[in-house]
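In what follows, a structure is listed as C-alpha cells, so that the remarks can point back to it.
In the numbering used here, the protein residues as written are -19 to 377.
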C-alpha cells in the first residue's frame, strides 16, 4: 500500500497571548492548530501575571507532548502622551496644540509627553504623529521647553497614546538612561522565567543589541535576541543589526507609521532578504490577518499578504490582536497554517529561495547542511537528525 506524504509546515507561527486566549483550553486548541511560539507583550500586564501565564503555557505543552517556545516582547523606547481631561479631548484641524514635559493633565490646547528632552531634538516643520498616525501635528516653534504645534489631521485624543516622529532621529536608544531600569527588569524577568527568545523593541543599531547582551551577561544567561525593526534608523542600519542579533522581526505596525506606507512593502522584502541571506530567522508581524479579530475568515488581501511573505522567505509569521483580543484566535492560527502549507508548496515555482552569504567560518557546516537536504529529498527520508551544540546546523538545514 503506497505511503501518503503529509507535508510538514516549515514556516513557524507566533501567536500573541492575551485575554482572548489565556485559558488552558484555548491554549491547547491553539497549540493543536499549529502555534509554535507563544508571545507575551510586556507592554501589557504585570510581570507576575506573565509568569503565571508562562507556567500555564508550559503545563499545557507538556500535556500535549509539544515543544512551544516562549518569546517576550520588551516595551523599548516609546514616547506616549499623558492623561487628558475626561479621558478624551478633540483636536481640531488648524488649531494650535502644545506638547509639554511637566506632567500636566492634557486638554484641547496641549498635553504632556513622556520623553522629557524631546524639545531639544525637534525643529520647526517636524511632523508629529499621535495614536499610530491617527492625529498629525506639525511643529511651528519651540520655546522655553514647550513644543508649539499646529493640528493638521485632528481627532479624539485619549490617554497614553503613542507619539512618533518619522523624520527625527532621536538621541534615545533601546537601552538609554531614560529606560535602562525598565530594560534591566524586563531582561531579568526573561532570565528568571527561562524564556526562549527576547523580541527587543525599537532597535536602531548594533550597539542596542550589545548593551542588552551585556545586561544578560551580568545574569550569566544567553537568550537569543530578535531585533524588531520599527523605524528608519533600524532599516538604515539593518546590516549591522542583523550581524549583531540572533534574528529580526519586521514590525510593520510602527514601521508603517515611521515610514510612508508605500515604502513598507519594499522595506519588508529588503529586511527579509537581508536577514535570511545572513543565515538568521526573520518574523513578519502585524496585521497579518487583522480582520479576523472580528470575522471568522480573513480578506483575500490578507491571505495574499501572508503567502507573499512566505514566498519572499520569511521564517515565521506572527499574530497579534488576532489571538490576543480577537474573537477567533484558534481559527486565525489554523488559517495561517493552511496558507503557509499552500505557499510552501509553491516555493520552488514562485518563491525566492536565496542563498546564504558565504562565510569561511561556516563553509563545512553549510556544505554538510546542503548535502543532507539534497539526499533527504532524493531518498524521501522521513527526517534529518543533526548533531549540534549551538543549534546553528539545525537552523541551516
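Backbone N, C-alpha and C define an ideal beta-carbon position, used for all residues, glycine too.
Separation of residue 52 from residue 179, as counted between CA atoms: For residue 179 and residue 52, the distance between alpha carbons rounds to 6 Å.
Distance, residue 356 Cα to residue -7 Cα: Put simply, the backbone Cα of residue -7 is about 24 Å away from that of residue 356.
Those runs of the beta strand (DSSP E) which lie wholly inside the segment 75 to 133 and span at least 3 residues: Runs of the beta strand (DSSP E) inside the segment 75 to 133: 76 to 80, 90 to 92, 107 to 110, 115 to 123 and 126 to 133.
Inter-residue spacing [alpha-carbon to alpha-carbon] between residue 170 and residue 26: Inter-residue distance for residue 170 and residue 26 is about 13 Å (C-alpha atoms, whole angstroms).
Residue 197 - containing alpha helix (DSSP H), residue span: In the DSSP assignment, residue 197 falls within the alpha helix (DSSP H) that extends over 186 to 198.
Nearest to residue 175 (by Cα), restricted to the options 122, 206, 50 and 61: Comparing Cα-Cα distances from residue 175 to each of 122, 206, 50 and 61, the minimum goes to 50.
C-beta atoms of residue 132 and residue 116 nearer than 8 Å: Cβ atoms of residue 132 and residue 116: closer than 8 Å.
Buried versus exposed call for residue 213 [16 or more other C-beta atoms within 10 Å across all chains shown]: The Cβ neighbour count for residue 213, taken over all protein chains shown within 10 Å, is at least 16; the residue is labelled buried.
Three-state class that DSSP yields for residue 206 in the structure shown: Taken through DSSP and simplified to helix, strand or coil, residue 206 comes out as strand.
Whole-angstrom C-beta distance between residue 227 and residue 204, which should lie under 8 Å: Right, the Cβ-Cβ distance comes to about 7 Å (below 8 Å), so this counts as a contact.
Residue range of the alpha helix (DSSP H) that includes residue 288: Taken as a continuous stretch (DSSP letters only), the alpha helix (DSSP H) holding residue 288 covers 280 to 292.
Opening and closing residue of the alpha helix (DSSP H) in which residue 168 lies: For residue 168, the enclosing alpha helix (DSSP H) stretches over residues 160 to 172.
8 Å Cβ cutoff met for residue 54 and residue 140: Their beta carbons are not under 8 Å apart, which means residue 54 does not touch residue 140 by this criterion.
Straight-line gap, residue 137 to residue 71 (C-alpha atoms, nearest Å): Their Cα atoms are separated by approximately 7 Å.
Beta-ladder partner(s) of residue 53, from DSSP: Note: residue 53 sits in a beta bridge opposite 21 and 179.
Distance between residue 77 and residue 69 (C-alpha atoms, nearest Å): The alpha-carbon atoms of residue 69 and residue 77 are separated by roughly 12 Å.
CA-to-CA distance, residue 158 to residue 83, given in whole angstroms: Straight-line Cα distance between these residues: approximately 16 Å.
Neighbourhood of residue 95 by C-beta, 6 Å cutoff - its chain only, sequence neighbours within 5 removed: Once the five neighbours on either side are set aside, the close Cβ partners of residue 95 are 59.
Helix, strand or coil at residue 367 [DSSP, three-state]: Looking at residue 367 - three-state DSSP - the assignment turns out to be coil, as it is neither helix nor strand.
Coil, strand or helix - residue 15 by DSSP: Here residue 15 sits in coil by DSSP.
Coarse secondary structure for residue 305, derived from DSSP in three states: In the structure shown, residue 305 sits in coil (DSSP, three-state: anything other than H, G, I, E or B).
Buried or exposed (CB count within 10 angstroms, at least 16 for buried), residue 328: The residue in question, residue 328, is exposed, as its Cβ has fewer than 16 Cβ neighbours within 10 Å.
Buried versus exposed, by CB contacts within 10 Å (16 or more), residue 358: Answer is exposed; the Cβ neighbour count stays below 16.
Identified DSSP bridge partners for residue 59: In the DSSP secondary-structure assignment, residue 59 is bridged to 143.
Spatial neighbours of residue 42 in its chain, beta-carbon cut-off 7 Å, leaving aside the 5 residues before and after: Around residue 42, the same chain offers no residue with a beta carbon nearer than 7 Å, after the five sequence neighbours per side are excluded.
CB of residue 209 within 8 Å of CB of residue 192, strictly: Cβ atoms of residue 209 and residue 192: not closer than 8 Å.
Proximity winner among 247, 235 and 251, relative to residue 222 (alpha-carbon distances): With distances taken between Cα atoms, residue 222 lies closest to 251.
Expected contact under 8 Å - CB spacing of residue -4 and residue 32 to nearest Å: Cβ atoms of residue -4 and residue 32 stay farther apart than 8 Å, at about 17 Å.
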